[in-house]
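So the structure is just underneath, and the comments pick up after that.
Protein chains: 2
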Amino acid sequence: MARPIPDVPSDSEFPLQNLPYGVFTRPDEETPRVGTRLGDTVVDLKVLEHAGLFRDTPLGETHVFCKRSLNKFMQTGRTCWDAARARLTALLDGSDARLADDADLRKAALVDCDRVTMQMPVEIGDYTDFYSSKHHAFNVGTMFRGPQNALMPNYTWIPVGYHGRASSVVPSGTPVRRPCGQTRADEAEAPTFGPCRLLDFELEMGFFTGPGNPLGAPLTMDNAADQIFGMVLVNDWSARDIQKWEYVPLGPFLAKNFATTISHWVVPMAALAPFRCAAPEPDHPPLDYLRQSDPPEGCGPGGWAYDIELEVSLQTAEDDPFVISRSNFRHLYWTMQQQLTHHTSSGCNMRAGDLLASGTISGPTPESFGSMLELAWRGTKPIRLPSGAERKFLQDGDTLVMRGWCQGDGYRIGFGECRGTVLAALDA
Amino acid sequence: MARPIPDVPSDSEFPLQNLPYGVFTRPDEETPRVGTRLGDTVVDLKVLEHAGLFRDTPLGETHVFCKRSLNKFMQTGRTCWDAARARLTALLDGSDARLADDADLRKAALVDCDRVTMQMPVEIGDYTDFYSSKHHAFNVGTMFRGPQNALMPNYTWIPVGYHGRASSVVPSGTPVRRPCGQTRADEAEAPTFGPCRLLDFELEMGFFTGPGNPLGAPLTMDNAADQIFGMVLVNDWSARDIQKWEYVPLGPFLAKNFATTISHWVVPMAALAPFRCAAPEPDHPPLDYLRQSDPPEGCGPGGWAYDIELEVSLQTAEDDPFVISRSNFRHLYWTMQQQLTHHTSSGCNMRAGDLLASGTISGPTPESFGSMLELAWRGTKPIRLPSGAERKFLQDGDTLVMRGWCQGDGYRIGFGECRGTVLAALDA
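Sequence order for the protein chains is C and X.
Under the working numbering, the letters of the first sequence match residues 2 to 429, in that order.
Under the working numbering, the letters of the second sequence match residues 2 to 429, in that order.
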């Protein structure tokens with residue numbers, strides 16, 4: 002069976018089992034289009050679509066891959082997603098020979114990944130950020146209120162979340178300008194305005210939604226999973242000093258809305274299915290609307306967790322990339338199904354391409370904390386880098402890189418990287 | 002000078018001085034298009050645009066009025082907005098005779114307002130809700146923390162706001178389903194899930210943004226006003242019992258995201274200019290970034306307030322519409338310029354068609370409070386209706402109508418109405 006692309010190295014994050022979706026521009030054409038990635042090759046799905054290779058699938062003539070974003074594809078729903086993935090797999094493993102046997106088509110559709118420019122994969126309608134790591138909520142609560150009062154009484158009942166800013170979600174590689182804002186020193190009468198001094202990252206993952214639900218018609222735990230298209234890495238950059246002064250009583254605002262970085266490739270849930278695992282045992286049973294009626298074997302009533310290894314590296318002027326945190330998506334108290342069901346339980350409508358992020362993914366051990374605030378424990382335990390440099394928070398010129406992957410038997414499903422470099426504040 | 006439309010009655014909310022923008026469908030065509038309104042006539046701007054009547058303005062061939070939303074027009078910026086308004090005024094007062102003298106064009110472009118269906122005027126990218134009435138913040142704070150601790154220490158420094166949900170912003174007339182959610186009685190161990198019992202309205206106004214600013218490049222008090230396109234009425238429906246249990250520590254979420262209603266017609270700032278007035282004296286000077294460098298005469302450093310009278314009516318099964326609140330937009334502590342400048346001060350980017358709402362507009366007196374929570378003072382002073390019925394919060398079947406207008410000398414600039422009827426919860 003001829004294959005259109007040579008075998009993918011076993012250490013690639015993008016084997017045939019992954020086939021993530023992204024949006025890119027080619028060196029020779031300005032118009033963004035949808036692609037997938039196999040090894041070091043980007044497959045131009047607009048070209049395959051024009052060649053009619055999806056016409057006999059449920060996608061028909063929808064031309065979802067000619068668009069500048071994944072939204073239209075996300076809108077089509079699970080039947081189309083499954084059909085597209087099956088067709089792509091067949092075309093790329095050669096069992097459907099129409100790509101492998103057509104030299105012109107191969108030449109037109111396959112592009113070396115170094116020659117493309119990745120774009121925002123999705124036009125995000127609404128962005129929501131949850132707070133689903135109990136370890137993170139406990140750590141932050143402990144710092145500010147002591148361990149006795151660390152968790153709010155609603156924490157184990159509600160997948161707490163808040164609305165974020167969609168306009169400032171940017172793709173990996175976009176530099177992040179240090180924000181300015183109001184802060185007030187503890188002893189001061191009045192606040193001052195100036196560059197953030199406590200700039201932080203937050204290690205998160207997020208998922209994009211499918212067709213969604215009409216306003217007033219909530220999803221349920223039994224149908225919410227079908228609305229989850231796929232996942233990305235998320236860095237929810239945070240200005241801790243701005244947040245502290247502004248966040249009462251209506252929550253974080255400018256402390257979060259200056260930038261949120263996502264990885265380029267959206268990994269479909271079908272690629273992640275082999276890595277489903279049981280979610281942590283809840284402290285008490287959730288309310289009925291947050292329980293599945295008939296969970297599959299091995300899955301708790303709250304739905305699946307996923308075993309996704311996560312790693313955060315910090316690169317400074319003096320230091321090569323240095324791993325400062327190792328965590329895992331499975332540590333979350335609330336599942337994606339519960340987040341999505343809860344979000345719509347008020348009647349709130351989801352649209353294709355909405356982004357729901359997890360909140361900081363801290364694990365149970367200090368090495369697995371997902372923010373500088375926790376890793377350096379509010380500045381009391383600075384992170385020591387190989388050069389001898391220390392960090393309590395991020396400095397100008399620092400580059401933060403997140404990676405995530407699922408380790409299979411002889412293969413690895415990766416998310417690429419979620420990268421950003423801190424630029425000096427405008428008036429610094 | 003012939004006019005294309007007979008003189009507008011002096012009590013009309015839509016005289017020649019208004020010329021708001023909206024999006025509508027005609028009885029004979031499904032495609033939404035942009036219109037303005039004069040008296041009881043809707044003027045189809047797509048038709049005027051096709052007839053070439055904007056070609057010699059800075060709008061040129063942009064075809065902004067053929068779109069399904071005002072976003073493209075908002076994107077063009079103040080020079081184009083001013084030119085469009087000047088041209089429209091001339092066409093409608095007859096000083097430019099090309100519409101008045103062309104019977105076919107008049108027939109094609111002018112539609113009776115009863116024959117059109119109004120649509121969402123804008124595709125809202127991001128929706129932000131502020132908290133800019135000090136009276137409202139004080140009232141709510143007093144109820145929950147007593148008058149001594151009513152205002153948070155940041156209130157007079159920060160135009161406090163939070164990110165809202167854009168997907169559930171709906172046009173006037175859309176019924177609003179009572180949301181379900183988690184609530185917990187004060188004495189209870191665990192929360193329960195069910196229909197909201199304390200459903201409320203919030204009397205607000207909002208403005209839409211123009212071209213905006215790139216990420217990382219804040220607006221300033223000296224250029225922010227040019228980014229404000231126009232205003233609408235806003236009802237920020239609120240589920241008080243859900244809010245109380247969910248809102249710590251990240252702010253309101255499901256208590257607000259089930260629906261936000263806006264009025265159909267966006268009144269341009271040019272129409273509101275005659276009604277500018279001084280903003281209330283601040284408790285102390287704001288920080289420099291929230292002050293204009295050279296305010297015009299009569300305008301404080303924080304920018305203009307606007308004298309817009311506001312009225313809320315409640316209609317029940319037993320009662321005709323009954324006015325329950327009379328307020329005024331000028332009561333706000335923070336101006337729109339300050340809200341917008343503050344919002345971008347972190348580097349957050351605005352896009353054309355973002356909606357920034359004021360927060361509940363409560364005035365200083367009990368009659369001018371902008372929510373049931375305040376009018377009935379947390380249920381302790383029920384609102385008595387003419388039929389003898391009482392209301393502490395909204396009941397199923399209740400219709401809430403907001404109106405707003407500027408009273409000029411012999412004319413009135415109105416916003417139409419912002420209306421919604423409460424439907425029973427799904428599982429009620």
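Quick reminder that beta carbons are idealized off the backbone N, C-alpha and C, glycines included.
In this text the structure is predicted, and so the values were computed from the model without any measurement.
At a cut-off of 9 angstroms between beta carbons, residue 164 (chain X) contacts chain C. Here residue 172 (chain X) carries a strand assignment [DSSP, helix/strand/coil]. In the three-state reduction of the DSSP assignment, residue 375 (chain C) falls in the helix class, which pools H, G and I.
With 16 or more neighbouring CB atoms inside 10 Å of its own CB, residue 206 (chain C) falls in the buried class. Per DSSP, the unbroken alpha helix (DSSP H) holding residue 82 (chain C) starts and ends at 79-94.
Here residue 285 (chain C) is exposed, its C-beta having fewer than 16 other C-beta atoms within 10 Å. For residue 246 (chain C), the C-beta contacts it makes with chain X under 9 angstroms involve 154, 155, 158, 159, in order along the chain. At least 9 angstroms separates the beta-carbon of residue 125 (chain X) from that of residue 308 (chain X). The residues 39, 42, in chain order, have a CB closer than 6 angstroms to that of residue 6 (chain C) in the same chain once the five nearest residues on each side in sequence are set aside. Rounded to whole angstroms, the gap between the alpha carbons of residue 47 (chain X) and residue 36 (chain X) is 7 angstroms.
For the set C:408, C:385, C:368, the Cα lying nearest the Cα of residue 13 (chain C) is the one of C:408.
Bounds of the alpha helix (DSSP H) holding residue 243 (chain X) are 241-247. At a beta-carbon threshold of 9 angstroms, the residues of chain X lying near residue 181 (chain C) are 219, 290, 346, 347, 348, ordered along the chain. In this structure, residue 288 (chain C) keeps its C-beta atom at 9 angstroms or more from the C-beta atom of residue 184 (chain X). Per DSSP, residue 157 (chain C) lies in no beta strand (DSSP E) segment and is marked neither H nor E.
The alpha-carbon separation between residue 195 (chain C) and residue 139 (chain C) amounts to approximately 30 angstroms.
Not flagged as an interface residue toward chain X: residue 112 (chain C), since no C-beta distance is shorter than 9 angstroms. Of all residues in the region 244-277 of chain C, the ones placed with a Cβ closer than 9 angstroms to any Cβ belonging to chain X are 246, 247, 248, 249, 250, 251, 252, 253, 254, 255, 256, 257, 258, 259, 260, in chain order. Between the region 217-236 of chain X and the region 83-91 of chain X there are fewer than three inter-stretch CB-CB distances shorter than 8 angstroms, so the stretches are not counted as touching. Three or more Cβ pairs drawn from the region 109-127 of chain C and the region 60-79 of chain C lie within less than 8 angstroms of each other, which places the two stretches in contact. Beta-bridge pairing by DSSP links residue 391 (chain C) to C:385.
Against chain X, a Cβ distance below 8 angstroms from residue 235 (chain C) picks out nothing, because the smallest value is about 16 angstroms. Identification of chain X residues near residue 70 (chain C) by a Cβ-Cβ cut-off of 8 angstroms yields none; the smallest Cβ-Cβ distance measures about 14 angstroms.
Contact between the region 169-180 of chain X and the region 247-267 of chain X is present: three or more C-beta pairs spanning the two stretches fall below 8 angstroms.
Think of a sphere of 7 angstroms around the beta carbon of residue 126 (chain C): the chain X residues whose beta carbon falls inside it are 167, 168, in chain order.
Two segments are said to touch when three or more pairs of C-beta atoms, one from each, lie closer than 8 angstroms; by this definition the region 244-254 of chain X does not touch the region 148-159 of chain X.
Using a Cβ-Cβ cut-off of 9 angstroms, residue 193 (chain C) counts as an interface residue toward chain X, since at least one Cβ of chain X sits closer than that to its own. When C-beta distances to chain C are compared with 9 angstroms, the residues of the region 408-424 of chain X below that value are 424, in chain order. Positions of the alpha helix (DSSP H) runs, each at least 4 residues long and wholly inside the region 108-153 of chain C, are given as 135-146 in order along the chain. In the structure shown, the three-state DSSP call for residue 50 (chain X) is helix. Here residue 403 (chain X) is bridged, per DSSP, to X:313, X:419. The closest CA to that of residue 203 (chain X), considering only X:314, X:270, X:390, is found on X:314. Apart from sequence neighbours up to five positions away, the residues of its chain that approach residue 118 (chain C) with a beta-carbon distance below 7 angstroms are 25, 26, ordered along the chain. The residue from X:320, X:64, X:357, X:296 with its alpha-carbon nearest to that of residue 390 (chain X) is X:320. If you draw a straight line from the Cα of residue 291 (chain C) to the Cα of residue 133 (chain C), it is about 14 angstroms long. Look at the region 191-248 of chain C and you find these whole runs of alpha helix (DSSP H), each 4 residues long or longer: 241-247.
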